[in-house]
Structures are given as C-alpha cells and as structure tokens.
Amino acid sequence: MAEVLVLAELDPAGGGVRKTTLEALTAARALGEPSAVVLGAPGTAAGVKDALAEYGAAKVYVAESDDVEGYLVAPKAEVLAQLVADKSPAAVIIPSSPEGKEIAGRLAIKTGSGFLTDVTEIAADGTATQVAFAGATIVHSQVTVGTPIYTLRGNSVTAEPAPAAAAEEPVSVSVSDAAKLATVTDRVVEQKSSRPELTEASIVVSGGRGVASAENFAIIEGLADSLGAAVGASRAAVDSGFYPHSFQVGQTGKTVSPQLYVAVGISGAIQHRAGMQTSKTIVAINKDPEAPIFELADFGVVGDLNTVVPAATEQITARK
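Rendered as structure tokens:
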C-alpha cells in the first residue's frame, strides 16, 4: 500500500496533537497508509505518539532538532522535502492552518509538485474537493505534477480511530543556512479560555451587528457555553468593536466547518458566508425575515435575539 505523509500539527501549549492532525490522518487513508511526520524540539514525539497510533499512523517520522524549533517554517519545509525525496510518498497532507499553508507552498516549490489548498475531501483517486469564489462554486481538482500536496480544512473530515503500529523512524535534520534567515526570538502562548478553539470546534455560536454592543455579546457567550461551543463574530461586529478580531469568521477572518453553526444577528453577507457555509447544520436567528442568512440556514428563527437567545440558553441548560 502506498505511503501518505501527514504533517502532525501540535498544540503550542503542549497539549499534544491538534484535532486537525487526526482529521488529516483519517483523510489520508483514502490514498494509502498514513505516516505521521513530527517536527519539533527534542522530546516532542514522545507525548504525541499514542494519539498518532490510535488514528492510523503506521509510522512516525521523528525529526527533532533545535534547528526546527529555533527558526520559522523554512526548516520544516526542508525536512519534509527531504522525506518526499527519500520515501516517494503517494501524497502529502498538511492541516490547513496559516503555518501549514506556508509549509505546503514552500514544499511544493522545493519538490516541483502541484498543491491544492483548503480541500474539504480527498477521494481515492486523488481528486480533491474545494469551495471556491466565496462558496459560489464547488471545485474538483487533481494534481498532475510531482507528489500531490494537500492542505485539509479543519472539521471537513470526521476523525475516526484506526489503531496502527506508529513505528518510530528517526529523521536526520540538516538545515541549510538559507532556512535560518528568520530566527524565532520569543514565543508567547495565547491564554486559552474554557471554550474550544474556533477553527476546531464542533459547535460555533457567532454574533453579528444585530447584537448591538460589546456588552450584549454576553448573550452570545451564554448560549455558546450552554452548548459547549466556540464563540465567533461577523466582520461587522468586529469592525464595530463588539468582539476581538481574532474571533472573526469570514473571507477575511477564519474559516470554520463545525457540525452546528448558530448565526445570531448576522445578515448573511457573502463575506461572512464564505467562512462558514460548509458547516453541516446552520441555524439563523434574526429579526429581519428577508435577511440573506435564511437562504443558507437549515433552521431559521425570526425574532428579537435579546428574547430568543436567552430563552434558548435557559432551555438548553435545563436539559443538562
């Protein structure tokens, strides 16, 4: 069976592999036998091997070096390029995070390969599905040159366990001077809240301009907490100063694909739809029955969010 390399995306706070890695391992099974690649400082692989084994990694290529950790993404791309040359994999799959996309782009140039980004599905013949033009078009593409490289959008694939050996294979790390031009001088781990990370959450509750104020976002947070969900915001809400930019969902913000997306006080402009319309189920709450978001929603509630959302939160909490 052909080997498929999967770059392991690690939690910067030291919490192991991110869910996006497990989704990538699951997607890789359509093309062949997944092998995880762990890049990091010495000792990194020890804490993630069990999770990689549980989700199907037949091998774990361990590339641990201070050179990998001490510089920006260039050393990681070089190590992956060397692995592609040595192992001739059927494909390379990388989680579609900002760093993952940059690594994939650099890898494509180094290996002379085709690169498909933000894919939501990979078929057995290598055909990838992508959402294009702000969701107006579904594209099916294949790489025809070199080793196919994909970045997989988070929450597009359901991570499914498939226990494997996860046999460790050390990788010698040799980083060129050109890859050491940008040095990491400091790392600050963002303080985590008790809520799930936005791009990985299975449920997202987002507020828009209709929330009307930063103080009113407590209503959105209350519903999110009752559901165990992440909180998001539309560009209009962010631009109005209601919520931090890091929580923006949309074409110029983050792209999410949760099982459930609740849009509260969001009109449904194309910019916002581009960041959430691949959600499995969409619920819209808006007082305007003509709001475009209702065209996309699976379920819609026409009403004042200040009445509807607290009532929903109360009912959900009562059922726990």
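Heads up: the sequence shown is residues 1 to 320, going by UniProt numbering.
Even for Gly, the Cβ is constructed at its ideal location relative to N, Cα and C.
According to DSSP, residues forming a beta bridge with residue i
i           : result
residue 127 : Paired residue(s): none; residue 127 is not in a bridge.
residue 254 : 249
residue 65  : Per DSSP, none; premise fails for residue 65.
residue 95  : 152
residue 59  : 35 and 167
residue 203 : 260
residue 116 : 150
residue 44  : According to DSSP, residue 44 bridges with nothing at all.
residue 122 : 128
residue 301 : 285
residue 183 : 71
residue 9   : Paired residue(s): none; residue 9 is not in a bridge.
residue 111 : In the DSSP output, where bridge partners are listed per residue, residue 111 has none listed.
CB of residue i within 9 Å of CB of residue j, strictly
i           : j           : result
residue 171 : residue 78  : no
residue 278 : residue 298 : no
residue 229 : residue 262 : yes
residue 129 : residue 96  : no
residue 21  : residue 7   : yes
residue 149 : residue 83  : no
residue 52  : residue 91  : no
residue 237 : residue 265 : yes
residue 93  : residue 151 : yes
residue 247 : residue 232 : yes
residue 199 : residue 131 : no
residue 17  : residue 68  : no
residue 187 : residue 12  : yes
residue 301 : residue 276 : no
residue 25  : residue 159 : yes
residue 50  : residue 162 : no
residue 147 : residue 111 : yes
residue 156 : residue 119 : yes
Inter-residue spacing [alpha-carbon to alpha-carbon] between residue i and residue j
i           : j           : result
residue 126 : residue 306 : 47 Å
residue 309 : residue 60  : 46 Å
residue 35  : residue 183 : 29 Å
residue 226 : residue 271 : 28 Å
residue 240 : residue 29  : 44 Å
residue 154 : residue 288 : 31 Å
residue 179 : residue 109 : 14 Å
residue 66  : residue 177 : 14 Å
residue 2   : residue 205 : 40 Å
residue 43  : residue 189 : 19 Å
residue 317 : residue 251 : 33 Å
residue 244 : residue 222 : 17 Å
residue 144 : residue 169 : 30 Å
residue 207 : residue 139 : 30 Å
residue 75  : residue 319 : 50 Å
residue 10  : residue 19  : 9 Å
residue 64  : residue 291 : 52 Å
residue 284 : residue 23  : 27 Å
residue 46  : residue 201 : 26 Å
residue 101 : residue 173 : 21 Å
heavy atom of the ligand ADP below 8 Å from residue i C-beta
i           : result
residue 118 : In terms of ligand content, the structure shown is empty, and the ligand ADP therefore cannot be addressed.
Restricting to runs no shorter than 4 residues, where is the alpha helix (DSSP H) found entirely within the segment 139-179?
Those alpha helix (DSSP H) runs which fall completely within the segment 139-179 and span 4+ residues do not exist here.
message: Quick check on the DSSP output: what are the complete alpha helix (DSSP H) runs of length 4 or more inside the segment 208-232, in order along the chain?
response: 217-227
Along the chain, which unbroken stretches of the alpha helix (DSSP H) at least 4 residues long are found entirely within the segment 257-292?
270-273
query = Taking contact to mean at least 3 C-beta pairs separated by less than 8 Å, is the segment 189-204 in contact with the segment 83-95?
reply = no
Examine the Cβ distances between the segment 107-116 and the segment 48-62 and report whether three or more of them are shorter than 8 Å.
-> No, the segment 107-116 is not in contact with the segment 48-62.
**OP:** Please determine if the segment 203-221 and the segment 38-53 are in contact, where contact requires at least 3 C-beta pairs separated by less than 8 Å.
**Re:** no
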